[in-house]
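Colleague: I'd like to ask some things about the structure below.
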Amino acid sequence: MPTQAAAPAGTYVPAVISGNYVYTAGQLPYVGGVLTATGKVGTEITVQDAAAYARVAAVNALAAVEAALGSLDRVRRIVKVVGFVASDPGFFGQPEVLDGASDLLGAVFGDAGTHARSAVGVAVLPLNAPVEVELVVEFS
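Position one of the sequence shown corresponds to residue 6 (the working numbering), numbered consecutively onward.
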């Protein structure tokens with residue numbers, strides 16, 4: 006599924022291992038090195054499109070996990086998903102947007118993809134991205 010972790014957009018690394026956990030940096034919905042969309046959800050971007058972008062960001066987070074571990078076969082479970090949604094002030098559907106990432110993780114990992122999650126609305130994200138997703142993953 007993942008092909009390559011996105012290059013950091015600043016002074017950090019895409020993933021860090023601590024103990025039996027991988028913590029990813031926030032991942033944006035890049036495809037082929039290009040940000041797929043910009044703008045706020047609820048005005049410029051629909052909930053359905055934002056959920057698709059959250060899936061792409063989750064794939065990018067998995068690519069960072071795979072790069073850190075060498076294989077996704079080492080994943081024991083997805084522990085936590087944190088998602089940020091660039092939201093119009095009147096938009097309250099952040100959980101529905103992040104379902105795009107959560108549904109993907111469940112489809113890939115089954116029961117091991119069941120996780121805790123935070124879905125946070127924010128005024129703006131880096132590069133005016135509509136969504137950002139980070140993961141905490143347990144591995145063996």
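The beta carbon of each residue, even a glycine, is placed where N, CA and C say it ideally should be.
Taking one C-beta from the stretch 30 to 38 and one from the stretch 109 to 124 each time, how about it: are there three or more such pairs within less than 8 angstroms?
Modeller: The answer is no - the stretch 109 to 124 does not touch the stretch 30 to 38, with fewer than three Cβ pairs under 8 angstroms.
Colleague: Let me check one thing: in DSSP terms, what residues is F144 bridge-paired to?
Modeller: Sequence index remark: in the sequence shown, residue 144 carries index 139 (1-based). DSSP, once it has assigned bridges, lists V80 as partnering F144.
Colleague: Over the uninterrupted alpha helix (DSSP H) stretch that includes A56, give me the two end residues.
Modeller: Position 51 of the sequence shown, counted from the first residue, corresponds to residue 56. It spans V52 to L74 - the alpha helix (DSSP H) in which A56 sits, taken as one unbroken run.
Colleague: Taking the CB atoms as reference points, tell me whether A59 and A20 lie closer together than 9 angstroms.
Modeller: Indexing the sequence shown from 1 puts residue 59 at position 54. Indexing the sequence shown from 1 puts residue 20 at position 15. No, the pair does not count as a contact, with Cβ atoms beyond the cut-off.
Colleague: Pairing CB atoms from the stretch 77 to 84 with CB atoms from the stretch 44 to 52, are three or more of them under 8 angstroms?
Modeller: They do not touch, by the three-pair rule.
Colleague: Measure the alpha-carbon distance for D54 versus S23 and round it to whole angstroms.
Modeller: Translated into positions along the sequence shown, residue 54 becomes position 49. Translated into positions along the sequence shown, residue 23 becomes position 18. Going by the C-alpha atoms only, they are around 34 angstroms apart.
Colleague: Out of V80, E101 and G115, which one is the CA nearest neighbour of V141?
Modeller: Locating residue 141 in the sequence shown gives position 136, where the first residue counts as 1. Checked all of V80, E101 and G115; the closest Cα to V141 is V80.
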